[in-house]
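Here the structure comes first, spelled out in structure tokens, and everything after it is commentary.
Residue numbers (my numbering): 2 to 209.
Here's what the structure looks like:
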């Protein structure tokens, strides 16, 4: 009986979240109302309020659940990152694979949250988690948190994070058929290849 009740609760909450994402296809988050959500999900307002205090509570819970999952991955799977043998063997870091798996499972949510209609707090929150994990790992590998001396630390880490998110955002916004495995490899290569290598330029030549 308890399991059945829990399943119904989870199904209703999933239905409410789906309705939020559907509403977000045509409206900015700020303009989405509880009425929009209940209309799309075919539930009454009383049922909605049994699960969430209001729309903000819904958004906060959805965001926090995703952030918690990201934190778990970063805390448990960063140990093997920054190990060059993964790149030499053509394999992505386990942490990259797990993050891509998580986004694949929540593709519509991530697409909405990172989009123009989404939650403006979503991206900075995930960036903070990723930044902290990278700096902590860098410190454990090098004994300090310094990047290359050619680029200030804050700029260097922003470049790395923005590159990762640009790939992920492109993936969730495009129906290009690329698999999770392909995206994981693209992210991995982007971390190791120089811009000239990405452009297909392997050496300079003087043209006369």
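By construction, the Cβ of each residue, glycine as well, lies at the ideal position given by its N, Cα and C atoms.
- In chain order, which alpha helix (DSSP H) runs of at least 4 residues are fully inside the region 117-170? Complete alpha helix (DSSP H) runs here, min 4: 123-143.
- Item | Exposure label - residue 164; buried when at least 16 CB within 10 Å | Residue numbering aside, residue 164 sits at position 163 when the chain shown is read from its first letter. Exposed, because fewer than 16 other Cβ atoms sit within 10 Å of the Cβ of residue 164.
- Query: What's the gap between the Cα of residue 40 and the Cα of residue 122?
  - Reply: As a working note, residue 40 is residue 39 in the chain shown. As a working note, residue 122 is residue 121 in the chain shown. Counting only the Cα atoms, residue 122 lies some 26 Å from residue 40.
- Task: Inspect the CB distances between the region 143-154 and the region 56-69 and report whether three or more fall short of 8 Å.
- Result: Judged by pairs of C-beta atoms under 8 Å, the region 143-154 does not touch the region 56-69, as fewer than three such pairs exist.
- Query: Taking the alpha helix (DSSP H) that residue 47 falls in, what are its first and last residues?
  - Reply: On the chain shown, position 46 is the one that residue 47 refers to. First-last of the alpha helix (DSSP H) with residue 47: 46-52.
- Output the distance between the C-alpha atoms of residue 188 and residue 170, rounded to the nearest integer angstrom. Taking the chain shown and counting its residues from 1, the one referred to as residue 188 is at position 187. Taking the chain shown and counting its residues from 1, the one referred to as residue 170 is at position 169. Roughly 12 Å between the two C-alpha positions.
- Query: Who are the Cβ neighbours of residue 131 in its own chain at under 6 Å, not counting the five residues just before and after it?
  - Reply: Here residue 131 corresponds to residue number 130 of the chain shown, with the count starting at 1. Correct list, in chain order: 162.
- Query: Should the region 173-193 be regarded as contacting the region 89-96, the criterion being three or more beta carbon pairs within less than 8 Å?
  - Reply: As far as the Cβ criterion goes, the region 173-193 touches the region 89-96, which means the pair count is three or higher.
- Is it right to say residue 118 is buried, meaning 16 or more other beta carbons lie within 10 angstroms of its own, or is it exposed? Locating residue 118 in the chain shown gives position 117, counting from the first residue. Flag for residue 118 reads buried.
- Message: The alpha helix (DSSP H) that contains residue 103, what's its start and end?
- Response: Counted from its first residue, the chain shown places residue 103 at position 102. For residue 103, the uninterrupted alpha helix (DSSP H) run begins and ends at 95-106, by DSSP.
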